[in-house]
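A quick write-up on the structure given underneath.
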Amino acid sequence: MVVLPEIYRYLNRRYKRYRAQKAGTLYEEEEDVNLRRLQETKLADGTDMAHATLEEIAFSKRHGLGGGIDWKNWRKYFTLSHWTLRKIISLSVTTIIITLLILVLVFQDSVVRWVEPIGEKWKSLPGGWLIPIAILVVQSFPPILGQEIVHIVVGILYGIGPGFGIVAAGTILGEVAEFFVFRLFCGNRTNKLEKRSLPWGLLAHITRDGGFIMVLMCRLSVLPSSYTTIVFALTGVNFFKFLAALVLSLVLPLANVYLGVLAREAAEGQAPSGSNVASGLTIAGSITISVAAMLYISHKANKEKPKFIQQRRIERFAAESQLALLSVS
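Numbering (my numbering), first residue to last: 273 to 601.
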């Protein structure tokens, strides 16, 4: 998935260069134009801007929200200074989750045999189906991840219909609870977060301008849902737009539940012909949806990034000027 955006950017640059040559105009990389503008401290209308910070310059060189692999500066990944505790924890958690998902898919029979006794205990309890719902609600809050594994396990235990109902209920209740917790208790931190974190600020910026489509794309993308829900809550996204996007994005948990159903059928020897193909298509479909949504977000982020950084510099210049006046007086 990391390579696909790079291929897209390469083909996009080639296409733009071809169009420029065909039109007989000079082609210049958009990144070079944006970096050159960072050296300017005055707009065409005379508005003054503060000098761009090193962080803003580095952020301008990155694609989209600045996530993924920085191919241009790949050597930094082999330096100790790059690996902060937060990055090490994030990489470790991501690696563990991906490894567990692969193990679940590869060792389906063993996983089903291990999960079934747990499922029988849950089913024997009054309201035992509330246990996975409660787990999903807790997982909706950061930094807990791994909802995909719970989706697959629920598919193994409860089947496609009841399983999807449980997953949908847990996901909706958890995300809605997170949305209101952060909107009610952390709303006053919005400006601080946007000024402190460039990726956060840019995502908040394109979310405000992008409307329902951007909210839906964020839900469908590879961005952690617990992270995007906080952004929606703090940037003033309409709750019903958020809820509609949340319901539509349940197609991804449905795919995970279906993988669990296929795993159980295979373990019990009841898998219909073509079940492996169905499993592969389900995984491929989920990945395609997530990558396409992320490409859309990255495209919007690249388009709005120069305006976003420009506005930050204007506001910073105004704040510095005000501070200078106060110090003089």
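Using N, Cα and C, we set each Cβ at its ideal position, and we do this for glycine too. Small disclaimer: the values here were computed from a predicted structure and weren't measured.
- Return the CA-CA distance between ALA573 and ASP481, expressed in angstroms with no decimal places. Their Cα atoms are separated by approximately 11 Å.
- Message: What residue range does the alpha helix (DSSP H) around PRO434 cover?
- Response: 432 to 457
- Task: For the stretch 489 to 508 and the stretch 387 to 401, state whether three or more C-beta atom pairs, one from each stretch, are separated by less than 8 Å.
- Result: The stretch 489 to 508 vs the stretch 387 to 401: no contact.
- Message: Pop quiz: GLY446 and VAL409 are said to be a contact at Cβ under 8 Å. What is the actual Cβ separation, rounded to whole angstroms?
- Response: 4 Å
- Item | Cutoff 7 Å; reference ILE586; Cβ partners in own chain excluding five residues on either side | THR319, MET321
- Message: Give me, in chain order, the residues of the same chain whose beta-carbon lies closer than 8 Å to that of TRP472; leave out the 5 immediate sequence neighbours on both sides.
- Response: LEU465, GLU466, VAL503
- Query: Do HIS423 and GLU576 have their CB atoms nearer than 8 Å?
  - Reply: no
- Could you please give the first and the last residue of the uninterrupted alpha helix (DSSP H) stretch that includes MET321? Segment: none, MET321 is in no alpha helix (DSSP H) and carries neither H nor E.
- Ordered list of beta strand (DSSP E) runs contained in the stretch 340 to 412, each at least 3 residues: none
- Message: Please list the terminal residues of the continuous alpha helix (DSSP H) segment that includes LEU492.
- Response: Start and end: 470 to 492.
- Report the option in GLN594, SER558, ALA564 whose CA atom is closest to the CA atom of LEU526. SER558
- Message: Could you compute how far the alpha carbon of LYS314 sits from the alpha carbon of LEU402?
- Response: 59 Å
- Query: Does DSSP put ARG585 in a helix, in a strand, or in coil?
  - Reply: helix
- Message: Quick check on the burial criterion: 16 or more other C-beta atoms within 10 angstroms. Buried or exposed for PRO389?
- Response: By the 10 Å Cβ count, PRO389 comes out exposed.
- Message: Using the Cβ count rule (16 or more neighbours within 10 Å means buried), how would you classify ARG258?
- Response: Not covered by the structure: residue 258. The range shown for the chain is 273 to 601.
- Between VAL378 and ALA406, what straight-line distance do the alpha-carbon atoms span, to the nearest angstrom? 27 Å
- Query: Does the count of Cβ pairs from the stretch 587 to 596 and the stretch 500 to 520 closer than 8 Å reach three?
  - Reply: no
- Message: Do CYS490 and ILE569 have their beta-carbon atoms positioned less than 8 Å apart in this structure?
- Response: yes
- Query: Cβ atoms of PHE350 and LEU470: under 8 Å apart, would you say?
  - Reply: no
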